[in-house]
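Report on one structure; see the data block that follows.
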Amino acid sequence: MLTIYSVPIAVYCAKLRIMLRHKQIPFQQLLPPGGYGSEAYRAIVPSGNLPAMVHDGFMLADSEAIAEYLDDAFPQVPMLPQSVKLRAKAREFSRFHDTRLEPAVRAIYPQVAYATRDADAVNSGGALISKHLSSLALLLSANPLDTGTLWLGDCGFAVTLAWIKSFEATIGLPVIWPAIVTAYDARLRQFDVVAKELDDYHPAMKAYLEKAKPS
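Numbering (the UniProt record's numbering), first residue to last: 1 to 215.
The following block contains the structure:
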């Protein structure tokens, strides 16, 4: 049995669920006992990170580490290319999401609350996100991977791009979307597992964004 510890709102948990469903791996989800970072949870997952996985007694935390483990342990539906160079390019793409774009988007979360929103922080955050989207466009323009396949690195982008669009609509985040990134977002949503995750994820996102409204 494969168990993942997750919470509904976490981007990296959603990223992992897309991969699990695409690879057709049965799994159960549990909330971290005692809450995120609790002593009870850290007794199972010492880092306290989410998501975490327990597979036949083997515990692993960090979404990227889990994803690569699962791709090796369940090779029937590969989500990394076979050649060394293409695997490296796939990892580069995935790391760009995890270390550049997603942290810039996460930095906007404190600006959602209407009462404490800082317009300057929203504008500067939008400029940084736009810069990363421009870099993503360059990566996509030179992407050597088969665009008809859902790769490991795609899973996080599907959720993070949805957050950017939600921030645009709810708090007026100023973002410049390169056409190739818009097309990439649309392509990802054509995968059934991505569309399902975004549908399932929407209630948690909507609940979080309620604080964006004036009292």
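Idealized CB from N, CA, C, for every residue including glycine.
Inter-residue spacing [alpha-carbon to alpha-carbon] between residue i and residue j
| i | j | result |
| --- | --- | --- |
| residue 16 | residue 65 | 11 Å |
| residue 205 | residue 167 | 10 Å |
| residue 182 | residue 40 | 42 Å |
| residue 154 | residue 68 | 13 Å |
| residue 2 | residue 61 | 13 Å |
| residue 4 | residue 12 | 12 Å |
| residue 128 | residue 27 | 36 Å |
| residue 207 | residue 48 | 24 Å |
| residue 144 | residue 81 | 11 Å |
| residue 42 | residue 29 | 17 Å |
| residue 135 | residue 102 | 13 Å |
| residue 152 | residue 118 | 35 Å |
| residue 55 | residue 109 | 32 Å |
| residue 169 | residue 209 | 10 Å |
| residue 59 | residue 142 | 36 Å |
Rounded Cβ spacing between residue i and residue j (contact assumed at less than 8 Å)
| i | j | result |
| --- | --- | --- |
| residue 122 | residue 163 | 14 Å between Cβ atoms; not a contact. |
| residue 25 | residue 74 | 5 Å |
| residue 147 | residue 187 | 7 Å |
| residue 112 | residue 171 | 6 Å |
| residue 173 | residue 126 | 5 Å |
| residue 79 | residue 150 | 7 Å |
| residue 133 | residue 178 | 6 Å |
First through last residue of the beta strand (DSSP E) which encompasses residue i
| i | result |
| --- | --- |
| residue 3 | 2 to 5 |
| residue 52 | 52 to 55 |
| residue 61 | 58 to 61 |
| residue 30 | 28 to 30 |
Boundaries of the alpha helix (DSSP H) in which residue i is found, first to last residue
| i | result |
| --- | --- |
| residue 19 | 11 to 22 |
| residue 74 | Run containing residue 74: none; DSSP gives neither H nor E here. |
| residue 205 | 192 to 208 |
| residue 86 | 84 to 96 |
| residue 235 | Lying outside 1 to 215, the shown extent of the chain, residue 235 is not represented and no answer is given. |
| residue 119 | 119 to 141 |
7 Å Cβ cutoff met for residue i and residue j
| i | j | result |
| --- | --- | --- |
| residue 214 | residue 114 | yes |
| residue 14 | residue 201 | yes |
| residue 180 | residue 137 | yes |
| residue 10 | residue 50 | yes |
| residue 176 | residue 124 | no |
| residue 77 | residue 23 | yes |
Just checking, does the region 19 to 35 make contact with the region 91 to 108 on the three C-beta pairs under 8 Å criterion?
The region 19 to 35 is not in contact with the region 91 to 108.
Can you confirm whether the region 153 to 162 touches the region 186 to 202 when touching is taken to mean that 3 or more C-beta pairs between the two stretches lie within less than 8 Å?
The region 186 to 202 makes contact with the region 153 to 162, as at least three CB pairs between them are under 8 Å.
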